[in-house]
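Chains as they are written, first to last, in the working numbering: chain A, 749 to 1777; chain B, 2 to 190.
Heads up, the beta-carbon is just placed ideally off N, CA and C, and yes, glycines get one too.
Quick caveat: nothing in here was measured; it's all calculated off a predicted structure.
Structure, as structure tokens:
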Amino acid sequence: MSDSTKQNSEKGRYYWKSLKELHDDPSLAEAKANEFMSGVTDDFKLSSLSDVSRRKFLALLAASAAFAASGCSTYESKGEIIPYNKEPRGVIPGIPNYYASTCSGCKHACGTLITTQTGRPIKINGNNEHPVNKGKLCPRGEASILGLYDPERLRQPLRNTGHGFVPARWDNSNGAVIKALNAAASGGKEIAVVTKTVLSPTAKKVLDEFAAKYPTTKFYSYELVTDVNRNSAWKKCYGTDQYPLISWDKAKFILALEADFLAKDGNMVEQMRMYASTRNNENLKDFSRLVVAEAGMSLTGMNADTRLKLRPEEQSNFVMSLLNELIVKRNLSRFALDKEIASQLGSVSLEDFAKRNNIERSVLDNMVSYILKSKNAAIVYAGHRLPEPVHIAVNLLNEVIGGTALYRTDQARVQLLPYSTPQDFEGLISRMNSGKVGVVIHYETNPVFHFAPDFGYKEAMVRVPTSVTLGKWENETSVWSSWVMPINHDLESWNDFKNRTGLYSLQQPVIYPLYTTRQKEAIVLTWTTGSDDAYHDTMYHEYLKNRWQNEVYSDLKPAVDPKMFWYSALEDGVVTYDEKPEASGNFNVEAFKSVTPPPMPEGFSIMLDESYAIGDGEFANNGWLQELPQPVTKAVWDNYASISDATAKELGVDYNDIIEVRIGDRSQKLPVYVQPGMADKVVCVDLGYGRTKAGKVGTDVGFDTNVLLSKKPSLSQWLYTGGEAVKKAGSYLIVTTMEHDFISEPITRDMPFTRDIIHEGTVEEYEQNPRFIQQETAIDKPTTIYKKFEYEGVKWGMSIDLNKCTGCSACVISCEVENNTPVVGKDQVKVSREMAWLRIDRYYTGSVAEPMISFQPMLCQQCDDAPCENVCPVAATTHSPDGLNMMVYNRCIGTRYCSNNCPYKVRRFNFFNYRYKFDGGYYAREPVEMVNNPEVTVRSRGVMEKCTFCIQRIMFGRQEAQQNGKPFTGAGIVTACQEACPANAITFGNYLDSSQEIAKLRDHPLGYYVLEELDTRPNVTYLAKLRNI
Amino acid sequence: MNRTQLEYTLRVRVPILIFVAIASITVTYFVSRPTREGIGYAPKQPIPFSHKLHAGIMRIDCAYCHIGVYRSRYAVVPPASTCMNCHTIAKRTAPPIIKLTKYYDEAKAIPWKRVDRLPQYVYFNHSFHVNAGIRCQECHGNVEDMNVIKQVSSFTMSACLDCHRNAVKRLPYIPNIKPGPTYCYACHR
């Protein structure tokens, strides 16, 4: 496309998916014109065939046929039907059962509803009854089901012989550990328990009893990235321990400072739901405005109405300048009278700040006036990685602008065991080194991988005589331990969780442990009793039940008897009760007065954060998550150094070149990812990758960036100033999906009119003319000489509200789990063979330095006049009377014509039987096939597949309607993507039924169809995004 | 080879050969069809359960054992515990019941031989059909007369479509019956 046509687009906007597209890279012209990448379909080489001769081949053929014939005792045999011996109550094959439970994939403990089919869990959804996540779940929670069936889970205890691990029995291993515990306790040596966030009050009690039995026990708790800075700032300002929850749904103005609250900072499911509810195009009065000031490009930044590029060192100045503007210049709030504050703020001003950071003054003025306009509904939120002084200043800023009104008083976070400080760990490590620690227990933790190398944890740990690691998988810590004990998966465990006031969330097992694993709480209970004989299957279950009967029941005093209370709590998965959070005091001005000006930025700022998909590395062995395109960069199976375009030019590097990132004496070589919209001289790196002992899938994926961490924080534990980035020789291929599946120019070139794929406008435009995106008149629209098919009764349609969609990709994972999508691996994604039926297209517009971003979930549009149907030579894809574009696998012969003819590029071809292809058949091993949804075909090699609008759910709905003797209207059918969407952006239903929401959305003034000019008449309506600028 | 011989070969032998070949293929195709489609298949079951006795003489409802039939895709082959509802008392000393009790007591599943089978890519739904008032016998034959259960109908796509298209003619006992769906997603997904 020439530069002139770029300008000819609607409103002069040109949307680009990648820098290559923006700069008209010739390699992309080819990618756009061809359905498959070059070489993908013709890599059949004679030389690659085995050199078995024809004679030998025929001989083998005959022999195998003979074997096959003799193998079947009778050719008529159709196998066996194996029924239950004793049928479990309420289980009928073909009808799913649902159990409420809790996800323990991270510290937020969302409520889950687990679908099981004949006793095996196949899908994890959010629990609708749960007040925090309200039926939604994040990608990690959705994908965690694969962990249950991971073939590499530990199946029995392991003993370290010094030359490797040998399987051990539970009684022997527990006996040895108990002996060591007794020796340590009587010898006055420390027993160190290293745990992550303790979320369960019952588990806490178990640990406390353990400590009572072995009095030298000390607990240490950590997470790779925490909000300790925010909480300690809060404590200094208000005297209470926990930063409050925020009513995002009431906010009209949000200023997020390096705060990725839609993804990594806090409970993304809850925050996204609340935030998205303020982006409702039906309620423009309360339409929120999101301003993000950040250095890297975060998911939140991508959703911002206004985005300011700001190095992390400058955040403090920004807040101070705003305070100066509001308190000193505009005399707002009671603090204006405080001379000390005025003098403290005297050295900064918004003007200087704008000048120094190349930010237009008008943008800031506009922002300030908007803040003042939205009094008591504006909030400034600082990211958890920022240092404590910034948080203190932000607390003051919220006092000034009335952001305090958005602090929730109905509920607050609860922390059962405070995180240990780096000093605590230094103490532990020095005691380990001096032989004062007798036993160290890693309570499902991996400190060898997570801790900054300058702690020297591994070297210290190997000096401890007995080290025990509890975990589901082997990891970097377990390989140095003397005992490794396998624990139950979430779906095999009992527990209760409490991380909010007034709320208990229960976890119940939905399957008996697959292996001889034990729940970690039960292992500790066994140790407390002092003998392995005490262990039995229901040990922790009974303990939990007893605590609930004796403590929780008597605390809450519900109106039912204890048994009823327990079972109804289990059924709902949650118990809510009246518990007011501790009231916080008044703002302590002295805390602010101790805030000193931050250092001026120098060198490179290195910013480290958890990975979006695999967290701190815990989910590294999960292929679905590794293959989930990172929502911002669309990269899979890797981490990398994201830098801005200008910085890349300055360093003389491009995508995939290697740079060395240095902080002090620590360094790591990383491939470069040029990220539009980043601040210059900043390197953003994801943690959690580069694991050396994570299993077959997760080992050696990406680069170990934990080596860049230090026990001595710079700006904070995760943000380092004064780093370096140096170009190095070599290159490393980062695979992204951003240049796959182009739906653009070549197809629509000859059309009488063209519409952009992305439509958007501003709230103002929409207020003035609600139909502003509907530019064409009826004459423009394509006509046809054929008679339209008349649909009767049911016609499926979907609507996706791009205002609410944040690009979080929860829908992508939910779809993969529901529809048995295989993992293909990095080498296959490289050649555009990823299998996800639903992808999130990401478009940039504007300049490389300051782009705006639009997301567009793209799935089969179920076109009424589907181009794929016309070209299938075997009629494997046809149309149903309820408007679905059907794909019949057993009929498909794999010509791939349909995919070639699909303008939306949503069809996926099985170039291999990926279950056997990926990683030497990793996902064909026992018991992975148990994760498959029995209502969906497992596709084999050589067939085409695509989104079916969850036909299995539609059919189940039809079945239920018929059983109840009701006409089928399609109400209440929820697709997997819709079910997962935390922002509630997806609506699905029968639009011939005017009572359904979808019927209204079909004719929404903001609704449009992608590539409408092709007259495919799609059934997915996109509601255009409105920016509140 | 002289002329008359060639003529004889071309005019008589070759046509007869072709006719015989075509005829035998055709006859074999039709004669072997039931066998190929499994009609008449009656494997020996681990326990000689008689549908004639239970469903015919004693008139036990099909859904007493096949509990899924009104509610699920699957009719469900009953667990041993269903048999034991009666057989803890009834006929305890009969050899088949002793075998049954042994399976039950040892908590083993009974490996029933499958008689009727659809390919895995067919998502046949029992509940749709039974709730529409279609008798089990339409596909499974007069099970209540069978001592040994056997396949009586052909479970091919053409057999399905035959009934789906001609429901009015095939199922005259159901008032207002409508033809069944014939689009792909009705059975395949």
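Reducing DSSP to helix, strand and coil, say where residue 1660 of chain A ends up.
Assigned with DSSP and collapsed to three states, residue 1660 of chain A falls in coil, not helix or strand.
Kindly indicate which three-state DSSP category residue 753 of chain A falls into: helix, strand or coil?
Residue placement at residue 753 of chain A is poorly supported in this model, since its pLDDT is 42, which falls under 50; the coordinates still yield a value, given next. Of the three classes helix, strand and coil, the one that applies to residue 753 of chain A here is helix, per DSSP.
I'd like to know whether the C-beta of residue 1576 of chain A is nearer than 7 Å to at least one C-beta of chain B.
No, residue 1576 of chain A lies away from the interface with chain B (no Cβ there is under 7 Å from its Cβ).
Per-residue burial, residue 1124 of chain A [other beta carbons within 10 Å of its own, 16 or more giving buried]
Counting every other CB atom within 10 Å of its CB across the protein chains shown gives residue 1124 of chain A a total below 16, marking it as exposed.
Closest to residue 921 of chain A by C-alpha separation, out of A:1233, A:1408, A:1023 and A:1456, would be which residue?
For residue 921 of chain A, the closest C-alpha among the options A:1233, A:1408, A:1023 and A:1456 is that of A:1233.
Selection from A:1570, A:1367 and A:1308 that minimises the alpha carbon distance to residue 1664 of chain A
When each option's Cα is compared against that of residue 1664 of chain A, the closest is A:1570.
Within a Cβ cutoff of 6 Å, which residues of the same chain sit near residue 1510 of chain A, ignoring the five residues on either side of it in sequence?
Exclusion of the five residues before and after residue 1510 of chain A leaves 1775 and 1777 as the residues of its chain whose Cβ lies within less than 6 Å of its Cβ.
For a contact defined as C-beta to C-beta under 9 Å, what are the partners of residue 833 of chain A on chain B?
Chain B residues near residue 833 of chain A: 80, 81, 82, 104, 105, 107, 108, 109, 110 and 111.
Find the residues of chain A that neighbour residue 181 of chain B, judging by a C-beta separation of less than 7 Å, and give them in chain order.
Taking the beta carbon of residue 181 of chain B as reference, no residue of chain A falls within 7 Å; the closest one sits roughly 12 Å away.
Pick from A:1617, A:974, A:1581 and A:779 that is closest to residue 1167 of chain A, judged by C-alpha positions
It is A:974.
In this structure, does DSSP put residue 1483 of chain A in helix, strand or coil?
Residue state, collapsed to three classes: strand.
Smallest Cα separation from residue 1037 of chain A: which of A:1028, A:1256, A:1240 and A:1044?
Nearest option by C-alpha distance: A:1028.
For residue 1050 of chain A, the three-state DSSP class (helix, strand or coil):
In the structure shown, residue 1050 of chain A sits in a helix (DSSP, three-state: H, G or I).
Taking 8 Å as the cut-off, does the region 1573-1593 of chain A touch the region 1463-1483 of chain A (at least 3 CB pairs, one atom from each stretch)?
Inter-segment contact for the region 1463-1483 of chain A and the region 1573-1593 of chain A is present: three or more beta-carbon pairs are separated by less than 8 Å.
Taking a contact to mean a Cβ-Cβ separation below 7 Å, would you say residue 1625 of chain A touches residue 1611 of chain A in this structure?
Contact flag unset, no.
Residue 1328 of chain A: contacting residues in chain C (beta-carbon distance under 8 Å)
Absent from the structure is chain C; the protein chains it does hold are A and B.
So which of A:1048, A:877, A:1559 and A:1140 has the shortest CA-CA distance to residue 891 of chain A?
When the alpha-carbon of residue 891 of chain A is set against those of A:1048, A:877, A:1559 and A:1140, the nearest one is in A:1559.
Would you list, in sequence order, the uninterrupted alpha helix (DSSP H) runs of no fewer than 4 residues that lie entirely inside the region 916-986 of chain A?
DSSP runs (the alpha helix (DSSP H)) wholly in the region 916-986 of chain A: 918-934, 949-961 and 976-986.
Are there 16 or more other CB atoms within 10 angstroms of the CB of residue 750 of chain A, so buried, or fewer, so exposed?
Legend: pLDDT at residue 750 of chain A = 41, less than 50; position of this residue unreliable, no value from coordinates given.
Could you tell me whether the Cβ of residue 893 of chain A comes closer than 7 Å to any Cβ of chain B?
No Cβ of chain B is located within less than 7 Å of the beta carbon of residue 893 of chain A.
Determine the closest residue to residue 1361 of chain A out of A:1012, A:1296, A:855 and A:893, with distance taken between C-alpha atoms.
Checking every option, the nearest Cα to that of residue 1361 of chain A belongs to A:1012.
Please report the residue range of the beta strand (DSSP E) in which residue 1237 of chain A lies.
Per DSSP, residue 1237 of chain A belongs to no beta strand (DSSP E) and is neither H nor E.
In the DSSP assignment, the beta strand (DSSP E) including residue 1041 of chain A goes from what residue to what residue?
First-last of the beta strand (DSSP E) with residue 1041 of chain A: 1037-1042.
Beta-carbon gap between residue 1268 of chain A and residue 1192 of chain A smaller than 7 Å
Here residue 1268 of chain A is near residue 1192 of chain A, since their CB atoms are less than 7 Å apart.
According to DSSP, residues forming a beta bridge with residue 1391 of chain A
Looking at the DSSP output, residue 1391 of chain A sits in a beta bridge with A:1422.
Contacts of residue 128 of chain B in chain A (Cβ-Cβ under 8 Å)
Against chain A, a Cβ distance below 8 Å from residue 128 of chain B picks out 1707, 1710 and 1711.
Using a Cβ cut-off of 8 Å, which residues of the region 1676-1689 of chain A contact any Cβ in chain B, in chain order?
Those residues of the region 1676-1689 of chain A that come within reach of chain B (Cβ to Cβ, closer than 8 Å) are 1683, 1684 and 1685.
In the DSSP assignment, find the beta strand (DSSP E) that holds residue 1190 of chain A and state where it starts and stops.
It spans 1185-1191 - the beta strand (DSSP E) in which residue 1190 of chain A sits, taken as one unbroken run.
C-alpha distance - residue 1586 of chain A paired with residue 1606 of chain A, whole-angstrom precision
Using only the alpha carbons, I get a separation of about 6 Å.
Determine whether the Cβ of residue 73 of chain B lies closer than 7 Å to any Cβ atom of chain A.
Output row for residue 73 of chain B: interface = yes.
Is it buried or exposed for residue 917 of chain A, if we count other Cβ within 10 angstroms and need 16 for buried?
Exposed, by the Cβ-count rule.
Within 7 Å (strictly less), CB to CB, does residue 1641 of chain A reach chain B?
By this cut-off, residue 1641 of chain A is not an interface position.
Chain-ordered neighbours of residue 829 of chain A on chain B, where CB pairs are closer than 7 Å:
Chain B residues near residue 829 of chain A: 78, 113 and 115.
Own chain partners of residue 776 of chain A with C-beta closer than 6 Å, once the 5 adjacent residues on each side are dropped:
Cβ within range, chain order: 768 and 769.
If you measure between the beta carbons of residue 1744 of chain A and residue 1736 of chain A, is that distance less than 7 Å?
Residue 1744 of chain A is not a Cβ neighbour of residue 1736 of chain A, given a cutoff of 7 Å.
I'd like to check one pair, residue 828 of chain A with residue 115 of chain B: are the Cβ atoms closer than 7 Å?
Contact: yes.
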